[in-house]
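To keep things clear, I will list the structure first and then write my remarks on it.
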Amino acid sequence: MTAPWQGAVLVTGTDTEVGKTVVTAAVAAAAQAAGLRVAVVKPGQTGTATGEPSDVDSVTRLAAPLTGRTLASFPDPLAPLTAARVAELEPLELDRVIDAVREEVDKHDLVLVEGAGGLLVPMGLRPSGEAWTVADLAVALGAPAVVVARAGLGTLNHTALTLEALERRAVPAGVVIGAWPVEPELVHWTNLGELVPKLLGALPTGAGAMDPGVFRRSAPGWLTPALHGVLDDWRAWAEEI
Numbered sequence: 001m002t003a004p005w006q007g008a009v010l011v012t013g014t015d016t017e018v019g020k021t022v023v024t025a026a027v028a029a030a031a032q033a034a035g036l037r038v039a040v041v042k043p044g045q046t047g048t049a050t051g052e053p054s055d056v057d058s059v060t061r062l063a064a065p066l067t068g069r070t071l072a073s074f075p076d077p078l079a080p081l082t083a084a085r086v087a088e089l090e091p092l093e094l095d096r097v098i099d100a101v102r103e104e105v106d107k108h109d110l111v112l113v114e115g116a117g118g119l120l121v122p123m124g125l126r127p128s129g130e131a132w133t134v135a136d137l138a139v140a141l142g143a144p145a146v147v148v149a150r151a152g153l154g155t156l157n158h159t160a161l162t163l164e165a166l167e168r169r170a171v172p173a174g175v176v177i178g179a180w181p182v183e184p185e186l187v188h189w190t191n192l193g194e195l196v197p198k199l200l201g202a203l204p205t206g207a208g209a210m211d212p213g214v215f216r217r218s219a220p221g222w223l224t225p226a227l228h229g230v231l232d233d234w235r236a237w238a239e240e241i
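With UniProt numbering, you'll find the sequence shown wraps up at 241, consecutive numbering, no jumps.
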């Protein structure tokens, strides 16, 4: 059995809108239920002009981690580096993000760092002027990565590409399905079978709309022990579903 992940853990995805924020909240809730001190760090929040709650706000509502931090915010719903350029704001500096995460690691048992979009989305700039990504951040921190994936058609290719990119960088990684459908079809079941060797969890569709109390009680059952959950038998899970 994989030892539970602690320290800094990156949460990325195969794409945008795959459920990274709700998965981050679920891992935070499960870890806190296991007695861990949890922080959530969002390096770059984009789309603030829409008036919607930030990702850290959403995680806080669902899981109430001990600490929640957003390091930089940008008005437009674009990749963080692009959003900074459009708004004529300072881009995120990689060293600043590394320092902020390490600061929280010193004070918490688990620090979840939620990226933006997919693994190789440009997040900000290095001092050299070169763009950096969530993959670069994982390498710099020596942190494993949770890859949030879709359940349906197309997910196997996107997930394999993301895992391959992480493997090439020697970043340990596992997969969580961001939204398992209420009425799964053949494609969902066959995808599940392919993903099981790397699967660390699966959240039900609509988990983010749950009452926070119900969410926190339910989260450990959606995740394997590596992510501080209690799900240890996918066959039993599938029969129950």
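Ideal Cβ placement from N, Cα and C applies to all residues, glycine included. This structure is a prediction, so every number in the text was calculated from the model and none was measured.
Take the alpha-carbon of Ala-135 and the one of Asp-15: they are about 14 Å apart. Within the same chain, Pro-144, Ala-145, Val-147, Leu-163 and Leu-166 come within 7 Å of Ala-173 by CB-CB distance, once the 5 residues on both sides are set aside. Your pair Val-101 and Pro-65 does not check out as a contact, with CB atoms roughly 14 Å apart and the cut at 8 Å. Contact between Trp-180 and Ala-151 is confirmed by a C-beta separation of about 5 Å, below the 8 Å threshold.
A straight-line Cα-Cα distance of about 31 Å links Leu-227 and Gly-51.
Trp-132 and Thr-205 have their C-alpha atoms some 32 Å from each other. Shown here, Ile-98 sits in a helix according to DSSP, grouped into three states.
In the three-state DSSP reduction, Val-230 falls in the coil class, being neither helix nor strand.
Contact between the region 182 to 195 and the region 20 to 28 is absent: fewer than three C-beta pairs spanning the two stretches fall below 8 Å. The C-beta separation of Val-97 from Pro-43 comes to about 5 Å, placing the pair in contact by the 8 Å criterion.
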